[in-house]
Structures are given as structure tokens and as C-alpha cells.
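Read the structure below first, then the notes.
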Amino acid sequence: MDLCRNDVIGVFDAMSRSVTTGKDLLTSLDADLGDGDLGLTMVNGFYAICQFMARDDAPADTAQLLMQAGFTMAETVPSTMGTLVSTGIIRAGKAAPVRGDIDAAAGLEMFRAAVEGIAVRSKAKRGEKTLLDALYPALEAWEAALSTGGDIAACMDAASRAADLAVVATAGLLSVHGKAAVFGDQSIGKPDPGASAIAMIMRGAREWFLRSVTG
Amino acid sequence: MDLCRNDVIGVFDAMSRSVTTGKDLLTSLDADLGDGDLGLTMVNGFYAICQFMARDDAPADTAQLLMQAGFTMAETVPSTMGTLVSTGIIRAGKAAPVRGDIDAAAGLEMFRAAVEGIAVRSKAKRGEKTLLDALYPALEAWEAALSTGGDIAACMDAASRAADLAVVATAGLLSVHGKAAVFGDQSIGKPDPGASAIAMIMRGAREWFLRSVTG
Amino acid sequence: MKKLMNKPDQFVTEMLEGILAAHPDELQSVGNDLHCLVAVGMDAARRKVAIVTGGGSGHLPLFLGFVGPGLLDGVAVGNVFASPSARQIAQVTSAVDRGHGVLFLYGNYSGDVINFGMASEMADVSGIRTVHVTGNDDAASSVKGEEDKRRGVAGIYFAYKAAGAAADEGLDLEGVARVTRKAVDRTRTVGVALSPCIIPEVGRPGFTIGDNEMELGMGIHGEKGISRTALKTADETVDAMLDIILTDMPIPGGSTVSVLVNGLGATPREELYILYRRVHKILVGKGITLRRVRIGEFATSMEMSGASVSVILLDEELSHYLDCAASSPLFPCP
Amino acid sequence: MKKLMNKPDQFVTEMLEGILAAHPDELQSVGNDLHCLVAVGMDAARRKVAIVTGGGSGHLPLFLGFVGPGLLDGVAVGNVFASPSARQIAQVTSAVDRGHGVLFLYGNYSGDVINFGMASEMADVSGIRTVHVTGNDDAASSVKGEEDKRRGVAGIYFAYKAAGAAADEGLDLEGVARVTRKAVDRTRTVGVALSPCIIPEVGRPGFTIGDNEMELGMGIHGEKGISRTALKTADETVDAMLDIILTDMPIPGGSTVSVLVNGLGATPREELYILYRRVHKILVGKGITLRRVRIGEFATSMEMSGASVSVILLDEELSHYLDCAASSPLFPCP
Ligand SMILES: Nc1ncnc2c1ncn2[C@@H]1O[C@H](COP(=O)(O)OP(=O)(O)O)[C@@H](O)[C@H]1O
Ligand SMILES: Nc1ncnc2c1ncn2[C@@H]1O[C@H](COP(=O)(O)OP(=O)(O)O)[C@@H](O)[C@H]1O
Ligand SMILES: [Mg+2]
Ligand SMILES: [Mg+2]
Ligand SMILES: [Mg+2]
Ligand SMILES: [Mg+2]
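Chains as they are written, first to last, in the numbering used here: chain R, 12 to 226; chain E, 12 to 226; chain F, 6 to 339; chain H, 6 to 339.
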């Protein structure tokens with residue numbers, strides 16, 4: 012299956028549901044290593060996107076829809092993660108195919124654009140205990156699944172599983188960016204809140220595919 | 012007996028002891044109707060006077076001794092009562108006899124000058140629940156004792172007893188001056204702290220006479 | 006209410022040492038007494054009335070923060086919440102007098118009144134003429150008709166400003182006193198306290214106030230107010246304050262006023278602006294024009310939390326004087 | 006820590022309404038967004054680099070209090086302790102650009118860095134050139150060698166002042182950025198917190214601190230400091246602060262510095278002067294000259310109690326720029 016505009020809306024609804032369910036977990040992870048607002052910002056940001064996408068006058072074009080959704084989120088929750096996730100969504104929109112639905116290959120281009128945009132914006136590097144430590148493994152898993160002939164649902168499945176595993180691995184890393192940086196060595200042993208949010212978002216998307224493919 | 016310079020010093024020592032003994036009472040009376048500093052200011056003020064009077068270079072002249080003692084107290088405890096009592100002492104000094112000891116008549120002139128000085132400085136009138144409501148009755152008692160031939164010890168005795176009685180009567184009055192004024196009707200039933208301090212000071216003087224005459 | 010201090014009994018001395026170290030070009034002490042401060046660079050030959058203020062410590066920038074160009078000439082600083090002595094006031098007076106008389110301008114508290122009174126007599130002996138004007142803007146501290154019993158609080162700022170400007174423009178002692186009295190007569194303040202403060206040498210709060218309470222009309226030393234109520238919203242609080250002010254001093258539509266929203270210490274500037282928002286809405290709604298609005302800490306009670314609102318009803322003369330330039334190191338430029 | 010406010014979720018909006026009502030001649034909003042403020046009366050024809058700042062609310066007079074003549078051109082205001090959005094920053098940027106480029110000058114917090122970064126891209130699309138300088142003066146927030154990870158706190162004041170003056174004198178974007186970076190590089194701050202503050206929408210303190218404790222090096226949002234100790238005296242506190250500052254940035258005798266002693270909100274001015282007294286004594290003892298000392302509230306954390314000391318090592322150029330005139334309604338003249 013490939014994704015049309017309305018499928019994209021469905022995916023975002025599922026992501027929104029996922030972060031809403033996981034809100035308290037994100038809050039407590041961020042309270043441990045930051046200021047505890049991550050649950051709130053993710054929930055509010057995705058809620059704003061869904062509200063925007065549901066509007067009658069939301070763009071018919073998927074690329075435009077994603078870009079404007081990203082700006083909506085950025086406006087609603089201008090925290091670190093709010094802005095980085097928005098940046099990813101905007102970049103994904105910019106990289107979306109001009110015509111036609113999104114297949115696994117187009118999805119890879121969009122995902123890569125998102126991750127690169129986030130990396131540029133945040134100036135963080137892999138291994139520095141940020142959302143990038145969930146994003147890069149997920150991107151690589153998508154690429155691998157595509158190269159073995161997987162469709163977009165399979166790619167998303169692989170990416171989401173990789174992100175979940177990667178979150179566990181972030182516990183071993185030292186925080187050097189953001190509010191967590193002051194904890195220094197004490198940050199070791201705790202998973203990164205931003206990476207956890209990424210995994211949660213991707214799990215929402217994966218579940219949408221599971222439902223849509225089977226249902 | 013009449014008072015020489017050194018007797019005056021003795022009287023102030025006795026006054027100082029009296030307010031030191033009564034410190035907590037003054038503090039709590041002023042805490043009830045004001046800011047609770049009266050015990051401290053009276054004790055510190057009279058202590059400063061005694062220290063000053065005990066100095067080798069303290070003036071030999073009683074008038075000068077009193078005036079400078081008053082300024083010392085004013086400098087040490089510039090609260091309402093500190094300044095008013097100092098004013099009284101300075102005025103008493105100014106009214107002291109140029110030569111010779113202080114007899115009952117000279118004492119009356121000095122006392123009157125003190126009370127009038129305090130009245131002018133404070134702009135308060137009798138009946139407004141201030142130290143004047145102890146001072147005026149004491150002054151009148153002194154005058155009465157003098158007119159029936161009392162010596163200075165007898166005058167002081169009469170004045171002090173009148174002050175004690177007058178304090179009780181201040182409980183019936185309404186505070187209109189100083190920090191007590193905001194209590195309005197609630198001030199009724201409580202004796203005036205300033206009047207109480209005056210009675211305590213005079214009681215100290217009276218006790219000095221008792222000791223000096225009998226001992 | 007923890008304090009950054011050394012010995013409590015050195016609180017005022019060390020504060021004054023800090024002030025003189027920080028602002029040597031603006032303030033200096035006279036007579037070897039840190040409590041006696043005058044502006045640096047007085048031109049003794051200038052034909053100008055001098056203005057002296059004074060009062061207890063613990064209210065910065067009040068009182069000493071109002072000594073400076075366009076403002077006052079000298080200040081006698083007392084201990085925390087206690088009057089300076091008459092001798093200190095007299096000493097400052099002698100230092101600033103230029104032979105054209107001295108205005109004594111201070112808050113209406115009996116300790117201060119009596120000490121300034123005694124200082125006047127001392128000045129008299131030295132041939133210095135003095136006139137007294139006392140700030141009594143706290144509309145909550147005594148009923149109408151007994152204005153002379155009211156406490157002076159943040160609104161004395163307007164009197165300082167008017168007095169300083171009038172003296173600067175060369176008015177004589179009577180003229181300066183007249184302008185100053187007019188400013189005082191046309192100013193009303195009401196304060197509200199949410200938490201107490203601690204006198205360093207006492208070491209415990211001067212009063213207690215419940216977690217969900219506030220006191221309307223409380224004085225800047227914690228003096229009893231008009232009513233203790235449950236904590237109101239900012240809007241309700243302003244409504245209650247303005248109600249007292251406008252009942253006491255009705256302000257007809259078409260008038261012009263200046264307003265000071267003053268923080269008592271711990272209350273953040275953000276909240277003062279939330280209060281001002283309501284003040285503005287109500288006064289504008291009555292057809293009153295606001296100008297030269299001042300929002301910040303002008304008269305504090307150390308770490309007390311709460312705020313006051315002062316309103317001065319302007320006429321052309323007062324508007325003019327309030328607009329004149331003035332500066333003080335306690336009001337730093339950015 | 007009671008608050009004078011109405012609805013917690015209206016705290017920032019109502020504060021901004023109050024600010025605009027109080028200072029209509031100095032500040033205005035753009036794009037129908039109260040969070041986007043610019044100085045009134047911009048001369049678009051003037052050949053001048055524009056300067057934009059921004060950051061979370063709850064720090065008044067920071068950040069919006071530094072918009073004004075001789076200072077900055079515009080500010081994007083976030084919610085309490087939260088970054089403004091990139092769109093808001095971009096909107097302010099478009100409003101103040103005169104075609105000579107815009108300096109983005111803000112505190113080094115990841116939310117702000119990322120939003121200003123995104124705003125830069127937006128500005129780029131509109132053909133507006135931007136350069137970023139971030140304040141990172143908090144010497145207690147990261148070890149030496151990792152200065153780029155340090156938080157920006159009260160010391161950004163010196164950078165604002167230098168940037169504003171350099172832009173005023175007509176330097177180009179690179180020139181203004183160079184001067185500003187120099188000010189940042191030569192500034193160090195250390196803070197100490199004695200009590201927490203409450204974010205209105207959260208309703209409870211962000212951290213707890215024992216009755217007899219203080220935290221050295223704590224950030225202005227309550228970020229972890231270097232050590233939590235028993236409450237020290239004012240002198241000991243300054244000694245610990247200066248020790249960190251002078252170890253990080255040694256200042257040779259004969260140098261000239263400017264110092265800012267900043268109150269976090271509830272700590273009274275009296276105590277700031279007691280702190281300054283010690284700062285002065287120590288620096289003068291090392292043969293260092295102090296000038297343009299600033300004492301007051303420049304960067305607060307609402308009702309937090311505590312203070313910070315900032316030191317900037319001056320050269321002739323920075324001295325000159327710091328001396329230039331500047332004004333802001335959040336720093337009212339007396
Ligand atoms: N400079 C940075 N670069 C990349 N990611 C960052 C950076 N700073 C923080 N993060 C990520 O953001 C997460 C915290 O997000 P968020 O709660 O929105 O931060 P804040 O509340 O400080 O704005 C961290 O767990 C980390 O993954
Ligand atoms: N204006 C006044 N005139 C005369 N006496 C006054 C006046 N105000 C206060 N007092 C007297 O002073 C007493 C309080 O003295 P004190 O504690 O020194 O006052 P404060 O602490 O306010 O300076 C009162 O009990 C009253 O007797
Ligand atoms: Mg966070
Ligand atoms: Mg945050
Ligand atoms: Mg008293
Ligand atoms: Mg404050």
C-alpha cells in the first residue's frame with residue numbers, strides 16, 4: 012500500500028493517540044533529566060496538528076499539508092522537541108513527492124530529509140543522547156527494509172522496532188545537550204526523553220499500518 | 012534633702028534599673044498596641060545615659076549633664092518615646108538652677124519644662140492616650156505636694172504614685188497617636204505603653220529617694 | 006525568608022558601606038556617620054532650597070534612593086524600620102543648606118515626626134530655616150477627615166519628584182513647600198500584603214498571614230490594614246484598592262493622573278503589570294487620562310510580598326514638575 | 006509564594022497587556038501578537054543593524070526590558086520559562102529589519118537556540134541576513150573548555166548594552182556581532198538560590214530547598230547548581246561566587262571591570278548591597294578598578310530568592326559602549 016493524503020492524516024491521528032497514551036511516561040522521563048514538559052508539549056503539538064489537518068480548508072496537497080502542519084506544531088509548542096519534531100515534519104513535507112502517493116522509497120527520502128533537517132537544526136551528533144539516537148537507527152532500518160523489497164508498512168515496522176531498541180541503548184549515553192547536560196554522569200542509566208518520544212511517535216505510525224493493512 | 016549632681020546620677024541609675032526590670036512588660040505592652048520595641052529602647056536609652064554620666068569627662072554642671080544626657084539618649088534610641096523622653100531630659104536640664112542643688116521648687120520647674128517640652132514636640136494633648144496622660148497627673152501631684160510643704164522626696168513620691176494611678180486610667184482612653192492609632196476602638200481596655208514607661212521611670216526615681224532617705 | 010547577610014546587627018551599616026562603595030560619584034556621607042548621606046557635587050553658591058528626607062531602613066529604594074539630581078539633597082538613614090536620630094537629621098541639614106532654607110519631607114510616622122521636629126529646633130539654633138511636609142498617602146490608614154493621621158507610603162515618590170523639580174527651578178522655601186503639599190494632598194495609596202518580612206535583628210516574621218489570605222490596606226511595616234480576606238484575584242484586588250482610593254479622592258472624568266504600581270519586595274514585576282492592566286482599564290473606563298506611569302519597586306518592605314497602587318491627580322503645575330529630569334543610582338539606567 | 010494574578014493560563018497574556026497599556030510610547034506589538042514586541046518610532050531609513058532578542062517569561066526586566074533606545078529593537082516573548090516560537094521571532098525580525106541585517110542575541114538554552122535557528126531560516130527566505138550570538142555567562146553551568154554549553158543568565162545585560170551601542174554607532178552586522186561576542190566572552194556570572202519559584206500554570210515549586218540551605222550555581226529556572234550547602238553568610242557567599250568567576254576568568258591587577266549584582270526577585274536590595282560590599286572589597290584588594298556598577302533586578306526568576314554576581318572584564322572599546330546612553334520603561338527613571 013502507498014499513502015494518500017488522507018492516510019497521512021490517519022497516521023498523524025495515530026501518532027497523536029500514541030503520545031497521549033504515553034504522556035505521563037514522557038513527563039516523568041523529562042522531569043528526571045529536564046523540566047518535565049515533554050509529555051505536555053508532545054500531546055499539545057500533535058493535537059494541534061490533528062486539529063489543523065481536520066479543517067475543511069486544510070491543503071489538498073500532501074506536501075503542503077505536512078509543511079503547514081509542522082509550522083502549526085512549531086507555533087503551538089516551541090520547546091526543544093516541539094521545534095525539532097516540527098522541523099522534521101516540515102522537511103518531510105518539502106521532500107514529499109510532487110504527485111502521487113507515498114511509497115516506501117518516497118517515504119525514505121522524506122524520512123531522511125526530516126532527520127537531516129533535525130540534525131542541522133539541533134547541531135547535535137549521533138551518540139550525544141538526543142532524539143537523533145532514535146532517529147538514525149530507525150532511518151537505517153527503513154533503508155535496509157526497503158533494500159530487501161519491503162513496502163512502506165514493512166519499512167515503518169522495521170523503523171519503529173529499531174527506534175524502540177535504540178531508546179534502550181540511549182540509557183548508556185551521557186547527556187551533553189539541553190537541560191539534561193548539567194546532570195553529566197548522573198544522566199547515565201536513564202533513557203533520553205527525546206528519543207523516547209520519537210519511538211512513541213513511530214509506534215503510533217506503525218500501529219496505524221497494522222490496523223490499516225489487516226483491517 | 013536637695014539633689015546635687017551626683018544624686019542626679021544616682022536617680023538615673025535607679026531609673027535605668029527600673030526599666031531594665033520592667034523591660035518585658037514594656038515590650039509586651041508595645042507589642043499589643045505598637046511594634047514591640049519600647050522595652051528595648053527604654054533600657055538602651057537609660058543605659059546610654061548612665062554610661063555617659065559615669066564618664067570622667069562628664070560635665071560637672073548638673074544642667075549641662077542633663078542636657079547632654081538627653082542628647083545621648085536621643086542619639087541612641089530615636090524612637091517616639093526615646094526622643095520624647097530625651098526631650099524631657101534636655102528641657103529639665105535647661106530649666107535646672109544655675110547654681111546650687113535642686114530642691115522641690117526647682118524640681119517642679121524642671122519637671123514642668125520637661126512636660127511642656129514633650130507636649131510641644133509631640134503635639135499631643137491630654138486624654139489622647141500617650142505618655143502625657145501619665146506626665147500631667149504626676150506634675151500636678153508634685154505641685155500639690157510642694158504646696159503643702161513637701162520636700163523633693165515627698166514630691167517625687169506623690170508624683171510617682173499619681174503616675175501609677177494614671178496608667179490604669181489610660182486603659183479607658185482611645186489611642187489616636189502613633190502606631191496604636193490604627194487599633195481605634197480595640198485600643199480601649201489596654202494601658203498606654205508610653206504612659207507605662209513614664210510610671211516605671213518615676214518609680215525608679217521614687218525608689219532612689221526611699222533608699223537615700225532611709226539608708 | 007532567608008537573608009543574604011552577615012551579622013544581623015551590622016545589616017544597615019554594611020548595606021550603607023555597600024551603597025557608598027557602589028555609588029561614590031553620587032552619594033557621600035557627612036560627619037563620619039554612614040547614616041548621614043548627601044548628594045555629591047553640591048554647588049553651595051546656587052540659589053536653591055535644599056530638601057532633606059529620612060526614615061527607617063528596609064524600604065530601598067526609599068528613602069536614600071531619592072537623593073540625586075532633580076530630587077533631594079540629603080537623607081538621614083535609620084535602622085531597620087526605625088527613625089534616624091534628630092542629630093543625624095540636623096547634621097544632614099547643615100551639610101546641604103545653601104542659606105535658602107530646607108524642606109523636611111518624610112513619612113508621617115510619630116518617631117520620624119518627632120525626630121524631624123527636634124532636628125528643626127537644632128537647625129534653628131544654627132540659623133537654618135526649615136519647613137515640614139509629611140507624606141500621608143496611605144488612604145487605608147485612617148478615615149477621611151483624619152488625613153493627618155495617615156501613614157506615608159510609596160506615594161511619597163510623587164512629592165519627592167515635585168519637590169525636587171520645584172527646588173531645581175528656583176522656587177523659594179514657601180513655594181517649594183506649597184508645591185510639595187499639593188502633591189501630597191492629591192496622592193492616595195492603598196497597599197496589599199501577602200506575606201510578612203523579617204527584621205534582621207528580630208529574626209522572625211512581624212506578623213503571620215494564612216496560606217490563602219491577604220491583607221488589604223496593610224502598612225509597609227506590617228501595620229494593620231482594613232480587612233484580612235481570602236486571597237483575591239489580581240483584578241478583584243485592584244478593584245478593592247481603587248474603590249478605597251476613588252471614594253476617598255473622587256477623580257472626575259477628563260482628569261489626568263499619574264499612577265505608581267509598587268512592589269513590596271518579593272512580588273515579581275510580572276504581577277505588577279497584571280495589576281496595572283486592571284488599573285488602566287478601570288481608570289480609562291472612567292474617562293481618566295494616565296500619564297507617566299511608573300511600575301516597579303519604589304518603596305519596599307524587604308522581602309514582603311504584596312503591592313501598592315498610588316494615584317496622583319495632576320494639574321498643569323504638577324504635570325510639569327513630574328516631567329522634569331531626575332536621576333538616582335538606586336534607579337539604574339539600563 | 007502566593008501570586009497576584011487572575012487565571013494562571015492568562016498570566017503572560019495579561020502581563021503583556023499591562024506592559025503595552027503602561028508603555029504605549031515605548032513598546033508596541035506587531036502582527037497582532039502580544040508576544041511580538043518592538044520599540045516604538047523606528048526610523049526605517051536609518052542605516053543601522055537591528056537587534057532582536059527573545060526568551061521565556063518570568064524574568065522581568067529580562068528580556069523585553071532591554072528593547073529601547075540605545076539597546077535592542079525587538080523581542081519575542083515566550084510563555085513562562087519557555088521559548089517563543091520561531092514564527093514569532095521571525096515576525097519581530099521582519100518588523101525591525103532596516104535592510105542592514107539583524108543580530109539575534111539570546112540566552113544559550115536549547116529551546117531558544119533551536120527556535121532562533123529556525124527563525125533564521127525563515128528570515129533567510131525573506132532575504133534578511135541574521136547572525137547569532139548567545140549569552141553563556143553562567144560560569145557554574147559547565148566546566149571550562151565547554152563554554153558553549155553554558156547557560157545565559159544576568160550577564161547578558163552587558164552584551165545587550167554593548168550590542169545596542171555598537172549598532173547605534175553605525176557598525177555593520179559583522180562589527181556589531183564582534184563587539185557583542187567580545188562582551189559575552191569577557192563576562193562571567195555565578196548565582197545562588199535560597200528559595201524556589203512557582204510557574205503559574207504548574208502551581209507548585211519547581212524544586213525544594215531546606216530552611217537552612219542554599220544552592221550555589223543554580224540557574225534562573227532552578228537548574229541544578231554546583232553544590233547545595235548550609236546557608237552561608239553574605240561574605241562567604243560572595244567569596245564562593247568570586248572564586249568560581251576568577252578561576253574561570255583570571256583578572257589581572259590593574260584591569261577595569263564592571264559588576265552587576267542582580268536580585269532574583271524576592272531578595273531585597275539591601276542584601277544586594279551587602280553582597281556588593283564584599284565584591285568591592287575583594288576586587289579592589291586585587292588592584293582591580295570597578296566602574297559602572299549596577300545593583301538591582303536585571304534578570305529574575307519571579308519570586309525566587311537569591312542573587313547573582315556578574316563581572317565583565319572591560320577594554321576601552323567595551324567601556325565606551327557600556328557608557329553610551331540607553332533607556333527602557335522597565336528601568337523607570339525616578
Ligand atoms: N541541542 C539539542 N540537540 C538535539 N536534541 C536536543 C538538544 N537539546 C535537547 N534535545 C532533545 O530534547 C529533549 C528534551 O526536549 P524538551 O523537553 O522539549 O526540552 P526543553 O524543555 O528543554 O525545551 C532531550 O531529551 C533531547 O532528546
Ligand atoms: N504623636 C505622639 N505624641 C505623643 N506620644 C506619642 C505619639 N505617638 C506615640 N506616642 C507615645 O509613644 C508610645 C510608643 O512609643 P514607641 O514604642 O517609642 O513608638 P514607636 O515604636 O512607634 O517609635 C505610645 O505608647 C505613646 O505613649
Ligand atoms: Mg523539557
Ligand atoms: Mg521546556
Ligand atoms: Mg514602639
Ligand atoms: Mg523584588
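Think of the CB as a built atom: it goes at the ideal place given N, C-alpha and C, for glycine as much as any other residue.
With fewer than three CB-CB distances shorter than 8 Å, the segment 94–108 of chain F does not count as touching the segment 96–104 of chain E. In summary, the residues of the segment 104–127 of chain F whose CB is separated from some CB of chain E by less than 7 Å are S115, G116, I119, N120, G122, M123, in the order they occur in the chain. Taking 8 Å as the threshold, the shortest C-beta distance from L95(R) to chain H falls below it.
Taking a 10 Å sphere around the C-beta of A71(E), we find fewer than 16 other C-beta atoms and assign the residue as exposed. Distance from the CA of G46(H) to the CA of N141(H), rounded to the nearest whole angstrom, comes to 31 Å. Neighbours of M307(H) in chain F, taken as residues at a C-beta separation under 7 Å, are given in chain order as P273, E275.
If you check the C-beta of K190(E) against ligand 5, you find a heavy atom less than 7 Å away. As a beta-bridge residue in DSSP terms, M309(F) pairs with G270(F). Under the DSSP assignment, C41(H) falls in the beta strand (DSSP E) whose first and last residues are 38–44. Taking a cut-off of 8 Å on C-beta distances, the segment 232–242 of chain H does not touch the segment 190–198 of chain R, as fewer than three cross pairs fall below it.
Look at the segment 179–190 of chain F: it has no residue with a C-beta under 7 Å from a C-beta of chain E. Taking a cut-off of 8 Å for Cβ pairs, the segment 301–318 of chain H and the segment 189–206 of chain H touch, as three or more such pairs fall below it.
Exclusion of the five residues before and after A245(F) leaves L221 as the residues of its chain whose Cβ lies within less than 6 Å of its Cβ. By the neighbour-count criterion, in which 16 or more other beta carbons inside 10 Å mark a residue as buried, R283(H) falls on the buried side. Placement of the Cβ of E275(F) at a distance of 7 Å or more from every heavy atom of ligand 6 is found.
A contact is defined here as three or more CB-CB pairs under 8 Å, and the segment 12–31 of chain E meets this definition with respect to the segment 50–64 of chain E. Interface flag for L247(H) against chain F is unset, since no Cβ pair is found closer than 8 Å. Every residue whose beta carbon comes nearer than 5 Å to a heavy atom of ligand 4 appears here in chain order: D46(R), D48(R), S90(R). Residues of chain E with a Cβ closer than 8 Å to the Cβ of E228(F) are, in chain order, K190, V193. Take A180(R), set aside five residues on each side of it, and no residue of its chain has a beta-carbon closer than 6 Å to its own.
Considering only beta carbons, the part of the segment 312–328 of chain F lying closer than 7 Å to chain H consists of A312, in chain order.
For F109(F), the enclosing beta strand (DSSP E) begins and ends at 107–112. When the Cα atoms are used, A239(F) and T305(F) turn out to be separated by approximately 19 Å. Around G83(F), the beta-carbon contacts reaching into chain E at under 8 Å are P89. Taking a cut-off of 8 Å for Cβ pairs, the segment 73–89 of chain R and the segment 129–139 of chain R do not touch, as fewer than three such pairs fall below it. In summary, P89(F) is buried, with 16 or more beta-carbon neighbours lying within 10 Å of its beta-carbon over all protein chains present. Under the criterion of beta carbons closer than 8 Å, G175(H) and K291(H) do not qualify as touching, at roughly 37 Å. Cα atoms of P108(R) and V22(R): separation of roughly 17 Å, rounded to the nearest angstrom. The segment 175–195 of chain F makes no contact with the segment 7–23 of chain H, as fewer than three CB pairs between them are under 8 Å. T242(H) and L277(H) do not touch by the CB rule: their CB atoms are close to 12 Å apart, not below 8 Å. Between V19(E) and M211(E), the gap from beta carbon to beta carbon reaches 8 Å or more. Within the model, the alpha-carbon separation for L76(E) versus D68(E) is close to 10 Å.
DSSP places G118(R) within a helical segment (H, G or I) once states are collapsed to three.
Within the model, the alpha-carbon separation for S207(E) versus V101(F) is close to 39 Å. The beta carbon of I204(H) sits no closer than 8 Å to any beta carbon of chain F.
Distances from the CB of E151(R) to the heavy atoms of ligand 6 are all 7 Å or more.
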